[in-house]
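The block underneath contains the structure these notes are about, expressed in structure tokens.
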Amino acid sequence: MSGSPPDAGAPRVRFAPSPTGWLHVGGARTAYFNWLFARRHGGTVVLRIEDTDVERSSAASEQGVLDDLAWLGLDFDEGPHEGGPHGPYRQSERLGLYREAAERLREEAKAYPCFCCDEELEERRREALAAGRPPHYDGRCCALAPEERAARLAAGEPHSLRLKVVPREWRLDDLVRGPVVFPEGVVGDFVVLRSNGLPTYNFACAVDDTAMGITHVIRAEEHLPNTPRQLMVCAALGRAAPRYAHVPLILNRDRTKMSKREGQAAAAVGDWRRAGIVPEALLSYLALLGFHPGDEREVLSRAELLECFDLARVGRSGSIFDAGKLRWMNAHVLHHAGGAELARWAGEALPAAARALPAAARERLLEAVRGNLATLLDLPGELAPFLDERPALEPDAAAVLAAGDARALCGELAAALEGLAEWSEEGVKSTIRTVGARLGRRGRELFEPARAALTGRVHGPELPRVAGLIGRERCVRRLRDAAAGRS
RNA sequence: GGCGCUAUCGUCUAGGGGUCCAGGACAGGUGGUUCUCAGCCAUCAGACCGGGGUUCGAAUCCCCGUAGCGCUACCA
0 MSGSPPDAGA
10 PRVRFAPSPT
20 GWLHVGGART
30 AYFNWLFARR
40 HGGTVVLRIE
50 DTDVERSSAA
60 SEQGVLDDLA
70 WLGLDFDEGP
80 HEGGPHGPYR
90 QSERLGLYRE
100 AAERLREEAK
110 AYPCFCCDEE
120 LEERRREALA
130 AGRPPHYDGR
140 CCALAPEERA
150 ARLAAGEPHS
160 LRLKVVPREW
170 RLDDLVRGPV
180 VFPEGVVGDF
190 VVLRSNGLPT
200 YNFACAVDDT
210 AMGITHVIRA
220 EEHLPNTPRQ
230 LMVCAALGRA
240 APRYAHVPLI
250 LNRDRTKMSK
260 REGQAAAAVG
270 DWRRAGIVPE
280 ALLSYLALLG
290 FHPGDEREVL
300 SRAELLECFD
310 LARVGRSGSI
320 FDAGKLRWMN
330 AHVLHHAGGA
340 ELARWAGEAL
350 PAAARALPAA
360 ARERLLEAVR
370 GNLATLLDLP
380 GELAPFLDER
390 PALEPDAAAV
400 LAAGDARALC
410 GELAAALEGL
420 AEWSEEGVKS
430 TIRTVGARLG
440 RRGRELFEPA
450 RAALTGRVHG
460 PELPRVAGLI
470 GRERCVRRLR
480 DAAAGRS
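In numbering that gives the first Met the number 0, the protein residues as written are 0 to 486.
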């Protein structure tokens with residue numbers, strides 16, 4: 000089948016966020032693709048925290064990222080909190096491993112200490128650029144005489160460690176983009192261990208991916224140009240490189256990379272969470288931004304995605320994040336959700352009075368109003384007519400009640416409803432009709448005042464249903480209040 | 001500058017040589033919806049970056065441009 004992993008055996012994938020901010024929607028999609036791929040093929044999902052940038056990393060940020068992932072419902076088999084046989088899962092706790100690997104490269108003369116300082120490097124870079132040469136490291140510390148190198152090392156001179164790049168072309172068979180070739184000579188000797196002893200991204204990443212037995216690296220396209228460096232590290236270490244799948248970027252409206260540093264609006268998963276978007280909708284939107292199921296379904300649940308996700312059906316071009324479509328999808332998901340699900344998503348945002356209801360009643364109520372929800376934020380307002388003793392009268396509704404003999408109609412309705420033999424949606428409906436017929440009103444001029452009196456609003460679920468939910472006693476009281484001009 | 005990636009309606013996309021005067025969805029227009037709507041239904045408008053090839057035939061394959069983006073750090 001086309002969805003099977005290209006290699007035999009259960010895949011091991013990883014999601015490797017750096018805890019330097021909040022979880023980005025692009026990161027969420029990457030995490031989801033990894034998760035879908037592994038779960039679909041009976042594989043393992045590893046969470047690895049890439050916190051080698053001590054300046055920008057923070058525990059609070061890590062927690063924030065973890066919270067967002069949990070909110071999305073993406074779980075991991077191995078990670079800092081899950082544990083596992085390849086730990087630790089924070090790069091800051093794996094420093095010994097990197098030093099060990101670096102030391103071996105140095106012993107095998109595949110890497111060498113570099114004593115050049117930032118200023119010199121920067122100056123030479125500029126010169127090279129100005130002269131039209133590639134701004135690569137010129138390799139001067141590689142050419143140092145063994146005695147000089149030993150002496151400077153012995154003197155404790157600060158230095159980084161650079162990988163000696165083997166002159167050859169590097170190619171990879173990317174799972175979403177196909178074969179990609181990097182010609183010889185486009186990367187210079189690069190730093191693997193910084194002078195502060197911490198590994199660089201490309202080094203730590205390659206060391207960890209191989210040490211953790213990762214079989215498939217699914218990540219954003221921005222990492223594609225880094226891949227040859229990681230391939231070089233794997234080769235120098237004598238370890239087999241994983242397979243790679245570079246998924247396209249999520250873009251701003253101006254087609255630049257949706258960045259968390261530019262402070263672009265709503266690039267954070269948390270922003271959408273706070274905006275009342277449900278995880279199921281965000282995940283579906285994100286997955287379909289780049290992945291196509293092969294048929295014309297436009298919203299896919301996690302279960303449906305699990306059945307059809309295939310890296311071969313991930314597109315190759317970047318896509319603009321369309322908040323409008325996300326909102327549409329959110330509304331769609333909300334309109335089709337069950338009451339229990341809605342209650343779970345709403346959580347603390349659900350009004351206390353609704354939470355206090357018996358589960359069955361709460362679910363019936365939520366299912367009655369779901370058609371009017373665009374986001375979870377609409378919940379309190381939509382629920383108010385059913386939960387509050389005297390729901391506030393909105394201006395539109397007040398105008399309806401003030402017009403013509405709307406109040407008289409309310410009085411008639413109150414009397415008729417009070418005497419209704421059996422309180423049911425059907426009974427309410429026919430009673431309203433009967434009263435309407437007697438007064439020569441139907442359609443909107445009949446239902447609108449009733450709705451205004453009953454809910455204080457001019458929109459909402461079908462009126463008989465509303466009445467059923469509100470109950471006879473409150474219906475009659477609200478109609479009487481309206482008739483008497485008390486509401 | 002170098003290297004890489006990408007290129008179909010405003011946006012997300014389908015399409016992989018003829019079935020495509022290009023299909024679906026969001027947004028937009030219009031109409032409808034034995035009570036309302038942000039709901040639902042119907043309907044309209046809207047695109048193959050350009051130029052060369054290959055071919056009986058190209059949105060689809062090849063080449064060259066162009067444009068956008070990404071990377072080119074002792075950030076990730």
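Just so you know, even glycine gets a beta-carbon here, dropped at the ideal spot from N, CA and C.
The structure presented is a predicted model; accordingly, all values stated were derived computationally and were not measured.
From which residue to which residue does the beta strand (DSSP E) around residue i run?
i           : result
residue 111 : 110 to 113
residue 282 : Not the beta strand (DSSP E): residue 282 falls in the alpha helix (DSSP H), residues 278 to 287.
residue 43  : 43 to 46
residue 12  : 11 to 14
Could you check what DSSP says for residue i in three-state terms: helix, strand or coil?
i           : result
residue 243 : strand
residue 215 : strand
residue 300 : coil
residue 60  : helix
residue 67  : helix
residue 202 : helix
residue 261 : With a pLDDT of 46 at residue 261, under the threshold of 50, the modelled position of this residue cannot be trusted, and the question is left open.
residue 160 : strand
residue 370 : helix
residue 8   : coil
residue 207 : helix
residue 39  : helix
residue 429 : helix
residue 222 : helix
residue 422 : coil
residue 195 : coil
residue 395 : helix
residue 141 : coil
residue 175 : coil
residue 357 : coil
What's the call for residue i, buried or exposed, on a 16-neighbour Cβ count within 10 Å?
i           : result
residue 33  : buried
residue 381 : buried
residue 279 : buried
residue 254 : exposed
residue 104 : buried
residue 62  : exposed
residue 157 : exposed
residue 16  : buried
residue 4   : Legend: pLDDT at residue 4 = 49, less than 50; position of this residue unreliable, no value from coordinates given.
residue 421 : exposed
residue 282 : buried
residue 161 : buried
residue 67  : buried
Going by C-alpha to C-alpha distance, which of the options sits closest to residue i?
i           : options            : result
residue 286 : 255, 52, 246       : 246
residue 48  : 79, 126, 383       : 79
residue 371 : 330, 386, 21, 408  : 330
residue 231 : 274, 167, 212, 178 : 167
residue 497 : 367, 334, 65, 184  : The first residue shown for the chain is 0 and the last is 486, placing residue 497 beyond what the model contains.
residue 360 : 344, 337, 93, 347  : 337
residue 57  : 44, 37, 70, 90     : 90
residue 210 : 408, 99, 425, 353  : 99
residue 443 : 461, 28, 313       : 461
residue 358 : 397, 225, 341, 174 : 341
Strictly by DSSP, which residues pair up with residue i?
i           : result
residue 267 : 23
residue 170 : 180
residue 250 : 256, 319
residue 313 : 290
residue 77  : 45
residue 82  : 78
Can you tell me where the alpha helix (DSSP H) with residue i in it begins and where it stops?
i           : result
residue 123 : 117 to 129
residue 450 : 443 to 454
residue 191 : Counting along the chain, residue 191 falls outside any alpha helix (DSSP H), though it belongs to the beta strand (DSSP E) covering 190 to 192.
residue 55  : First-last for residue 55: undefined, no H or E at that position.
residue 92  : From DSSP, residue 92 is part of no alpha helix (DSSP H); its letter is neither H nor E.
residue 238 : Note, residue 238: premise wrong, no alpha helix (DSSP H); not H, not E.
residue 384 : 378 to 386
residue 474 : 471 to 482
residue 417 : 405 to 417
residue 354 : 351 to 354
residue 341 : 338 to 345
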